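Which chain is which? The protein sequence lines are G and A, in order.
Quick note on our numbering: the first sequence kicks off at 1 and runs consecutively.
Quick note on our numbering: the second sequence kicks off at 1001 and runs consecutively.
No residue lacks a Cβ here, since even glycine has one placed at the ideal position from N, Cα and C.
None of these values were measured; they are calculated from a predicted model.
One structure is given here, and the rest of the page talks about it.
Protein chains: 2
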Amino acid sequence: MMGRIYIALLHYPVLDRNGSVITSAVTNADIHDIARSARTYGVRRFFIVTPIAEQADLVRKIIGHWTRGAGGALNPSRREALEAVQVAGTLDEIIQSIDREESGPVKTVATGARLKDSSVSHGHLSQLMDKDGGAFLLIFGTGWGLAGEVVEHSRYRLEPIHGSGSYNHLSVRSAVAVTLDRLAGRKEGVR
Amino acid sequence: MMGRIYIALLHYPVLDRNGSVITSAVTNADIHDIARSARTYGVRRFFIVTPIAEQADLVRKIIGHWTRGAGGALNPSRREALEAVQVAGTLDEIIQSIDREESGPVKTVATGARLKDSSVSHGHLSQLMDKDGGAFLLIFGTGWGLAGEVVEHSRYRLEPIHGSGSYNHLSVRSAVAVTLDRLAGRKEGVR
């Protein structure tokens, strides 16, 4: 049985271009794109993490528009995607919530284009998920990536996505889509 | 030798939710996300196709800001990505331009979440590109997907991206990233 995947998109603590820890602003395209990718690849829940109450309220309003409001009536597939989105104030809050829901503790997986000393490749993580059958939380950072403390406290550090060369500056929306496809995409006969 | 990949993002002729042929509006997030994915996966050029002169001018202004203006100085990796973006009025114009540049005619590949009777899987296309060594143009639609005439005139119809179930409503930004990763991503030992 495939492990159960959860996603967290962190707006704090993340880095800015100089490596300082900041709180980033929530982006509308992140909510929609990642919700649609999450739904496509069978993710259990997509958590948007921000400690700023006004930003959390804004996200709840957007989700409400598409799940209970006019948007959902117009676009049922968008409603379906946004139904799995949830707002949280901190990463710890999410981990506790998943732990309560699942039989065992969730395994956290830090991601990032600049992660050094990664502990697991996409292929290896996919195998682990198959074997383990438990819950895995993939943690994605906004801004210039996850703060060191998040990476250090994660159970696994996922290998950065490699394209065809040394350039890897995917948007977080694209990185989530590619990561989910590598972990949970239906494999064709020939890859 | 790997075939050379070009990308076209069409804003005409594409479908609306009712299946009528329309011209869609250019989206800022499409330009940036797809340019970054294209650069990451070694795409030769990313063409944005719109027949509307005002929209084409807007895209040129955005590209200029990031390649020659203040944006590029602030963010060199964004500049590098946007340097490969080009605006065109029609798909035919692009095909002729690539044909002139390449030794042989470019092979066109229609993509779409609802493509029926696909002629090639991602794995198969990847093999074809390796063997052929020529130029391939991946055509992506905005709105509700490519109009029938584009699909019919394409050399190949790429199999839709399958997630883990029947839902597949990825954003075009995510679909481009996943498609490029499947075709040109550096393969790990275990997938």
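| Asked | Found |
| --- | --- |
| The beta strand (DSSP E) that contains T1108 (chain A), what's its start and end? | K1107 to A1110 |
| Just the Cα atoms here: how many angstroms apart are P1051 (chain A) and L1158 (chain A)? | 25 Å |
| Counting only Cβ-Cβ distances shorter than 7 Å, please list the residues of the segment 1153-1169 of chain A near chain G, keeping chain order. | H1162, G1163, S1164, G1165, Y1167, N1168 and H1169 |
| Which same chain residues end up closer than 7 Å to L1173 (chain A) when comparing Cβ atoms and leaving out the 5 residues on each side of it in sequence? | For clarity, residue 1173 (chain A) is Arg in the given sequence; the question names Leu instead. Result list for R1173 (chain A): A1029, D1030, D1033 and I1034, in chain order. |
| Is any beta-carbon of chain A found at less than 7 Å from that of V150 (chain G)? | no |
| Per DSSP, what are the beta-bridge partners of Y1012 (chain A) in this structure? | Paired residue(s): none; Y1012 (chain A) is not in a bridge. |
| Measuring CB atoms only, is the segment 1098-1109 of chain A touching the segment 159-171 of chain G, in the sense that at least three cross pairs come out at less than 8 Å? | no |
| Grab me the residues of V1026 (chain A)'s own chain with a C-beta within less than 7 Å of its C-beta, minus the 5 sequence neighbours each way, in chain order. | H1011, I1048, T1050, Q1055, L1058 and V1059 |
| Does DSSP put L43 (chain G) in a helix, a strand or coil? | With the sequence shown as reference, residue 43 (chain G) is identified as Val, and Leu is not the correct amino acid for it. Residue state, collapsed to three classes: coil. |
| Quick check on Y1041 (chain A) - is its C-beta less than 7 Å from some C-beta in chain G? | yes |
| Pair every Cβ in the segment 1008-1024 of chain A with every Cβ in the segment 1135-1146 of chain A, then say whether three or more of these pairs are closer than 8 Å. | yes |
| Can you give the Cα-Cα distance for Y1041 (chain A) and T1067 (chain A), rounded to whole angstroms? | 19 Å |
| Going along chain A in order, which residues have a C-beta closer than 7 Å to the C-beta of V178 (chain G)? | A1177, V1178 and D1181 |
| May I ask which residues mark the beginning and end of the alpha helix (DSSP H) holding G1064 (chain A)? | A1053 to T1067 |
| Output yes or no for whether 7 Å exceeds the beta carbon distance between V1043 (chain A) and I1005 (chain A). | yes |
| Alpha carbon to alpha carbon, how far is Q1127 (chain A) from A73 (chain G)? | 43 Å |
| Could you say which of A:D1016, A:R1045, A:A1175 and A:H1153 lies nearest to E1102 (chain A) if we only look at CA atoms? | A:R1045 |
| Could you tell me the distance, in whole angstroms, from the CA atom of A184 (chain G) to the CA atom of H1065 (chain A)? | 38 Å |
| Quick check on the DSSP output: the alpha helix (DSSP H) that includes L74 (chain G) runs from which residue to which? | A70 to L74 |
| Taking the alpha helix (DSSP H) that I1139 (chain A) belongs to, which residues open and close that run? | Careful: I1139 (chain A) lies outside any alpha helix (DSSP H), inside the beta strand (DSSP E) at A1135 to G1141. |
| Going by other Cβ atoms of all chains shown within 10 Å of its Cβ, with 16 needed for buried, is H1153 (chain A) buried or exposed? | exposed |
| Just to make sure I have the definition right: I need the residues of chain A whose C-beta is within less than 9 Å of the C-beta of G185 (chain G). Which are they? | I1161, H1162, G1163, S1164, V1178 and R1182 |
| Please say whether V151 (chain G) and A84 (chain G) have beta carbons closer to each other than 7 Å? | no |
| Is the shortest distance between the beta-carbon of S1037 (chain A) and the beta-carbons of chain B less than 7 Å? | Any reference to chain B falls outside this structure, whose protein chains are G and A. |
| By alpha-carbon positions, which one of A:A1038, A:V1087 and A:S1077 ends up nearest to I1062 (chain A)? | A:V1087 |
| Just mark A135 (chain G) as buried or exposed, buried being the case when its beta carbon has 16 or more other beta carbons within 10 Å. | buried |
| Taking the CB atoms as reference points, tell me whether G1165 (chain A) and R1114 (chain A) lie closer together than 7 Å. | no |
| Shorter than 7 Å from the beta carbon of N29 (chain G) to some beta carbon of chain A? | First, the amino acid is wrong: residue 29 (chain G) is Ala here, not Asn. Chain A contact via Cβ: present. |
| By DSSP, does I1094 (chain A) sit in helix, in strand, or in coil? | helix |
| What's the C-alpha gap between D1092 (chain A) and L1015 (chain A)? | 18 Å |
| In terms of alpha-carbon separation, which member of G:P13, G:N18, G:D130 and G:R36 lies closest to V176 (chain G)? | G:R36 |
| Got a sec: is the Cβ-Cβ distance from S171 (chain G) to anything in chain A below 7 Å? | yes |
| If the criterion is Cβ atoms closer than 7 Å, does the pair R1186 (chain A) and H1122 (chain A) meet it? | no |
| Considering only C-alpha positions, which residue in the set G:S77, G:D132 and G:A147 is nearest to N18 (chain G)? | G:A147 |
| Using only alpha-carbon positions, find the residue among A:L1180, A:S1171 and A:T1179 that is nearest to A38 (chain G). | A:S1171 |
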